[in-house]
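Asks:
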Amino acid sequence: MLNQNHLLGLKYLSATEIKEILEQATYFKQLFNRPVKQVPTLKNKTLVSLFYEPSTRTKGSFDMAMKMLGAGSLNFAVNTSSVNKGETLVDTVKNLASMGVDGIIVRHSMAGVPELIAKNVDIPVINAGDGFNEHPTQALLDMFTMTEEKGYIEGKKVTIIGDIKHSRVVRSNIWGLSKLGAEVTVCGPASLIPHGIEEMGCKVVHKVEDAIKGADFINVLRVQFERQKGSYFPSSREYYHEYGITPSRVKLAKEDVLIMHPGPMNRGVEISTDVADGPYNVILEQVSNGVAIRMAVLYMLLARRNAR
Amino acid sequence: MKLLLKNATIVNIDGFEKKDLLIDKGRILKIAENITDDKAEVYDLTGKHVLPGFIDLHVHLREPGQEEKETLSTGLKAAVCGGITAVCSMPNTNPVIDNKFLIKFLKDRAWEISKAKLYPTGSITKAMAGSEISEFAAMIRNGAVGFTDDGLPLENMCTLRRALEYLSPYDKPIILHCEDRALAEGGAMNEGALSTKIGLPGIHRSSEEAAIAQSIETAKYFGRVHICHVSTKGSVELIRAAKLRGVKVTAETAPHYFMLTESAVEEYNTNAKMNPPLRTEEDRLAIIEGLRDGTLDAIATDHAPHTADDKNMEFNKACFGIVGLETSVMMTLSKLYHEEGFSLEQIVKLCSFNPANIIGVNSGKIAKGEVADLTIVDTEKGWKVTEKLFKSKSKNSPFIGRSGKGRAVMTVVDGNVVWKEKSIG
Numbered sequence: 000m001l002n003q004n005h006l007l008g009l010k011y012l013s014a015t016e017i018k019e020i021l022e023q024a025t026y027f028k029q030l031f032n033r034p035v036k037q038v039p040t041l042k043n044k045t046l047v048s049l050f051y052e053p054s055t056r057t058k059g060s061f062d063m064a065m066k067m068l069g070a071g072s073l074n075f076a077v078n079t080s081s082v083n084k085g086e087t088l089v090d091t092v093k094n095l096a097s098m099g100v101d102g103i104i105v106r107h108s109m110a111g112v113p114e115l116i117a118k119n120v121d122i123p124v125i126n127a128g129d130g131f132n133e134h135p136t137q138a139l140l141d142m143f144t145m146t147e148e149k150g151y152i153e154g155k156k157v158t159i160i161g162d163i164k165h166s167r168v169v170r171s172n173i174w175g176l177s178k179l180g181a182e183v184t185v186c187g188p189a190s191l192i193p194h195g196i197e198e199m200g201c202k203v204v205h206k207v208e209d210a211i212k213g214a215d216f217i218n219v220l221r222v223q224f225e226r227q228k229g230s231y232f233p234s235s236r237e238y239y240h241e242y243g244i245t246p247s248r249v250k251l252a253k254e255d256v257l258i259m260h261p262g263p264m265n266r267g268v269e270i271s272t273d274v275a276d277g278p279y280n281v282i283l284e285q286v287s288n289g290v291a292i293r294m295a296v297l298y299m300l301l302a303r304r305n306a307r
Numbered sequence: 000m001k002l003l004l005k006n007a008t009i010v011n012i013d014g015f016e017k018k019d020l021l022i023d024k025g026r027i028l029k030i031a032e033n034i035t036d037d038k039a040e041v042y043d044l045t046g047k048h049v050l051p052g053f054i055d056l057h058v059h060l061r062e063p064g065q066e067e068k069e070t071l072s073t074g075l076k077a078a079v080c081g082g083i084t085a086v087c088s089m090p091n092t093n094p095v096i097d098n099k100f101l102i103k104f105l106k107d108r109a110w111e112i113s114k115a116k117l118y119p120t121g122s123i124t125k126a127m128a129g130s131e132i133s134e135f136a137a138m139i140r141n142g143a144v145g146f147t148d149d150g151l152p153l154e155n156m157c158t159l160r161r162a163l164e165y166l167s168p169y170d171k172p173i174i175l176h177c178e179d180r181a182l183a184e185g186g187a188m189n190e191g192a193l194s195t196k197i198g199l200p201g202i203h204r205s206s207e208e209a210a211i212a213q214s215i216e217t218a219k220y221f222g223r224v225h226i227c228h229v230s231t232k233g234s235v236e237l238i239r240a241a242k243l244r245g246v247k248v249t250a251e252t253a254p255h256y257f258m259l260t261e262s263a264v265e266e267y268n269t270n271a272k273m274n275p276p277l278r279t280e281e282d283r284l285a286i287i288e289g290l291r292d293g294t295l296d297a298i299a300t301d302h303a304p305h306t307a308d309d310k311n312m313e314f315n316k317a318c319f320g321i322v323g324l325e326t327s328v329m330m331t332l333s334k335l336y337h338e339e340g341f342s343l344e345q346i347v348k349l350c351s352f353n354p355a356n357i358i359g360v361n362s363g364k365i366a367k368g369e370v371a372d373l374t375i376v377d378t379e380k381g382w383k384v385t386e387k388l389f390k391s392k393s394k395n396s397p398f399i400g401r402s403g404k405g406r407a408v409m410t411v412v413d414g415n416v417v418w419k420e421k422s423i424g
């Protein structure tokens, strides 16, 4: 039983709780092949999606999950809301809670916003990505995909490559994977490796070949072009040369290595097209699994919560 | 009216004496044993210590312009309730204090309020815009004690050179907020393992240290600088070395830098967000050693009041700064005196004698003929910080809930008892 009222981050969850979410998602994923996909366990619930940052996969995936569970979804377009009139975040969420919504799904460019909302309303808050802090449902779907493909995570070697410093996906993955006993290595330009990340429970390797060697999973992160302007790296050409995931580099990993990417991809920058579309990629599988994970999270926070 | 303080232990930087203290017309008339005076208001201060009035070199009083956060009235009252007899106000108000009329306005308001004394500072550059220097001489004639663009770093070292040279005949300090904004990268907390862990953008220590190094090397040739709110071990080392080389540099730190570390922000606690940010345990210990060996000359609060609304928001967006006037003496006595073994003489030096010298005012000692600004403390009295303690308009303190020992019990300014604790008869 999930011992939380919110999903703020994987740093707050135990290994048992993570495994429970993965199990629940396995159950929901079975529905995908049935003619009737809906399980209206949340048919009296309405959630609001509060996206202060753009998103395709996460937002679409939460919307799909809500539809499949029969929940209503209140679409909150930040750009046309009173946020533009200077309403504070705290006032916005208190107003939404007063309308009677049953939960808040939030994405924001600043770390700690889900915690701030949870302090100010008494309905479940689900973090859909906050600053560089956490993106728990992404890491859960990554772990779900790993488990589905390889059976278990404990002892597996996971290498994450890219802009580690500005990545919430990395942080949630490190928290979750290390709790489940995986061996996590991060790699990227040294200017994009944040201070003290080893203390979160991962290894830092600078040479991409060394980082990939013997990996069971390679998780490739999106390179944000604006980082080039900040002098974090000189050009996408040099980035691709030094850190890009190419077929010859993939050969250094385990034979049955799986390639993952949280999207959106820059083909020819962090990943070559033949790897992205290659036989060992599970990138689109991750997207399908995202729906199952989000169903599990919503169900466990909202349906089971009432049953308690 | 005369004031007679009996049976107190008088502390100066060079020692103790247990005597009575007679005050008349704002000045110390007599220090002797067994003074009697029928016309005086008498307090028995057995077991208490009488210290030269504490001067807080770094206070944001917010008036004019941000009266919802603090006013001169609430701020100067908060100061005396915390045992502070004089404060230096920072000029980053709206409008900026960059001319004699505003200095005069502040001095007049403080005189009307008659709580803590006000030693205003003016801005180094007009409107704190960083280019033309302000009218230092006119402001000094009206009571300004130093010049600073606090809150904004002075990025152009040539402006610093000109300000130092121009000001050098007047014996008032240029007070520097040392921060390389490019290195600070708009961060919100100390950069390190914790900022990585909780995903907040960091302010690397190099942003403070690089700016201090640059300022020291400039001051070496052109004048005297006072460095604000030192927060890192590296900064302490730079200042220590500069003093050995004979550079005219003084420096202050704040109680939060010797009390707390970055772990106070772990739950996105905006009441522990300030600039420079709380650092690590290693830094905290280096700050204490800097205070102990005299590298750091003064304890100043950087009292920065903000309303609850200014703090109840996204951590990155929340205002920098915490209040400190009411808690400074408590923190200093409990941490430095009780836990770290500082003597009361050392504390007088850090909180009164050195600050007076830095801004060039005649204060900081208890002797016949001196102005009677006094901080009276009970080193054994316990305290617990609650919201109710704060007389300031704002209550943004990371110390709420904390308890300890040693606090001010009575404050005398110009020979008047401007505040006393209930237990003082």
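Quick note, the sequences are listed as chains A and B, same order. Note that numbering that gives the first Met the number 0 has the first sequence beginning at 0, numbered continuously upward. Note that numbering that gives the first Met the number 0 has the second sequence beginning at 0, numbered continuously upward. Virtual Cβ for every residue (Gly too), placed ideally from N, Cα, C.
Relative to the C-alpha of D301 of chain B, which candidate in B:G414, B:R180, B:S396 has its C-alpha closest?
Replies: Cα-wise, what sits closest to D301 of chain B is B:S396.
Asks: What do you reckon, is the C-beta of L21 of chain A under 7 angstroms from a heavy atom of the ligand PLP?
Replies: Here there are no bound small molecules, and the ligand PLP is not part of this structure.
Asks: Got a sec, what are the start and stop residues for the beta strand (DSSP E) K404 of chain B sits in?
Replies: It spans 402 to 412 - the beta strand (DSSP E) in which K404 of chain B sits, taken as one unbroken run.
Asks: Taking the C-alpha atoms as reference points, what is the distance between I83 of chain B and L343 of chain B?
Replies: Roughly 16 angstroms separates the two Cα atoms.
Asks: In the structure shown, what three-state DSSP assignment does G186 of chain B receive?
Replies: Here G186 of chain B sits in coil by DSSP.
Asks: Give the DSSP bridge partners of A85 of chain B, in chain order.
Replies: Per DSSP, B:I54, B:K116.
Asks: Which same chain residues end up closer than 6 angstroms to G74 of chain B when comparing Cβ atoms and leaving out the 5 residues on each side of it in sequence?
Replies: Cβ within range, chain order: L60.
Asks: When Cβ atoms are compared, which residues of the stretch 274 to 293 of chain B fall closer than 9 angstroms to chain A?
Replies: From the stretch 274 to 293 of chain B, no residue has a Cβ closer than 9 angstroms to chain A.
Asks: Classify N315 of chain B: buried if its beta carbon has 16 or more other beta carbons within 10 angstroms, exposed otherwise.
Replies: Its Cβ being crowded by 16 or more others within 10 Å, N315 of chain B is buried.
Asks: For the alpha helix (DSSP H) that Y238 of chain A lies in, which residues bound it at each end?
Replies: From DSSP, the alpha helix (DSSP H) with Y238 of chain A extends over 235 to 242.
Asks: May I ask which residues mark the beginning and end of the beta strand (DSSP E) holding K18 of chain B?
Replies: Segment 14 to 23, the beta strand (DSSP E) holding K18 of chain B.
Asks: Taking 8 angstroms as the CB-CB limit, is R221 of chain A close to chain B?
Replies: Not an interface residue.
Asks: At the level of alpha carbons, what is the spacing between V86 of chain B and D55 of chain B?
Replies: Roughly 5 angstroms separates the two Cα atoms.
Asks: What does R266 of chain A pair with, by DSSP beta-bridge criteria?
Replies: Answer by DSSP bridge pairing, in chain order: A:I270.
Asks: Among the residues of its own chain, which have a CB less than 7 angstroms from the CB of I27 of chain B, if the five just before and after it don't count?
Replies: Closer than 7 angstroms at the Cβ level, and outside the excluded window around I27 of chain B, lie L20, I365, A366, K367, G368, E369, A371.
Asks: Taking 8 angstroms as the limit between beta carbons, can you name the residues of its chain near R180 of chain B, skipping five residues before and five after?
Replies: P152, E154, S206.
Asks: Is the beta carbon of L105 of chain B closer than 8 angstroms to that of L71 of chain B?
Replies: Going by C-beta atoms, L71 of chain B is nearer than 8 angstroms to L105 of chain B.
Asks: Counting only the same chain and skipping the five closest in sequence on each side, list residues whose C-beta sits under 6 angstroms from that of E32 of chain B.
Replies: Same-chain partners within the cutoff: K18.
Asks: Between the alpha carbons of H225 of chain B and L101 of chain B, how many angstroms are there, rounded?
Replies: Whole-angstrom Cα-Cα distance: 23 angstroms.
Asks: Going along chain A in order, which residues have a C-beta closer than 7 angstroms to the C-beta of K219 of chain B?
Replies: Within chain A, no residue comes near K219 of chain B; the closest Cβ sits about 31 angstroms away, beyond 7 angstroms.
Asks: With a 10 Å radius around its C-beta and 16 neighbouring C-beta atoms as the bar for buried, classify R307 of chain A as buried or exposed.
Replies: Reliability of the predicted coordinates at R307 of chain A is poor, the pLDDT of 41 falling under 50, and the value obtained from them is presented with this limitation in mind. Exposed, by the Cβ-count rule.
Asks: Comparing the C-beta of H194 of chain A with each C-beta of chain B, is any distance below 8 angstroms?
Replies: Chain B, which has a Cβ nearer than 8 angstroms to the Cβ of H194 of chain A, makes this yes.
Asks: For F104 of chain B, which residues in chain A fall below 7 angstroms Cβ to Cβ?
Replies: Within chain A, no residue comes near F104 of chain B; the closest Cβ sits about 31 angstroms away, beyond 7 angstroms.
Asks: For N249 of chain A, which residues of its own chain have a beta-carbon under 8 angstroms away from its beta-carbon, when the five flanking residues on both sides are left out?
Replies: In the sequence as presented, Asn is not what sits at residue 249 of chain A; that position holds Val. Contacts found: I211, I217, V256, I258, V274, G277, Y279.
Asks: Determine the burial state of C80 of chain B: buried for a count of at least 16 other Cβ atoms within 10 Å of its Cβ, exposed for fewer.
Replies: Answer is buried; the Cβ neighbour count reaches 16.
Asks: Under 7 angstroms, CB to CB, which of the residues in the stretch 162 to 196 of chain A have a partner in chain B?
Replies: Within the stretch 162 to 196 of chain A, the residues whose Cβ lies closer than 7 angstroms to some Cβ of chain B are R167, R170, P193, H194, G195, I196, listed in chain order.
Asks: Considering L88 of chain A, what are the terminal residues of the alpha helix (DSSP H) in which it resides?
Replies: Segment 88 to 97, the alpha helix (DSSP H) holding L88 of chain A.
Asks: What does the Cβ neighbour count give for W110 of chain B, buried or exposed, with the cut at 16 atoms within 10 Å?
Replies: With fewer than 16 Cβ atoms within 10 Å of its Cβ, W110 of chain B is classed as exposed.
Asks: I need the straight-line Cα distance from L1 of chain A to S287 of chain A, nearest angstrom please.
Replies: Roughly 23 angstroms between the two C-alpha positions.
Asks: Round the Cβ separation of I104 of chain A and A138 of chain A to the nearest angstrom and send it over; I've been treating them as touching at under 8 angstroms.
Replies: The pair is not a contact, with the Cβ atoms about 16 angstroms apart (cut-off 8 angstroms).
Asks: Go through its chain and collect everything with a Cβ distance to K404 of chain B's Cβ below 8 angstroms, but skip five positions before and after it.
Replies: Here the set comprises L332, S333, H337, T378, E379, K380, G381, W382.
Asks: Could you tell me the distance, in whole angstroms, from the CA atom of D97 of chain B to the CA atom of E386 of chain B?
Replies: One C-alpha to the other measures close to 34 angstroms.
Asks: Just the Cα atoms here: how many angstroms apart are E216 of chain B and A250 of chain B?
Replies: C-alpha separation (whole angstroms): 15 angstroms.
Asks: Which complete beta strand (DSSP E) runs does the stretch 180 to 213 of chain A hold, if anything under 3 residues is left out?
Replies: You should have 182 to 186.
Asks: Between M294 of chain A and chain B, is the shortest Cβ-Cβ distance under 8 angstroms, so that the two count as touching?
Replies: Closer than 8 angstroms: no.
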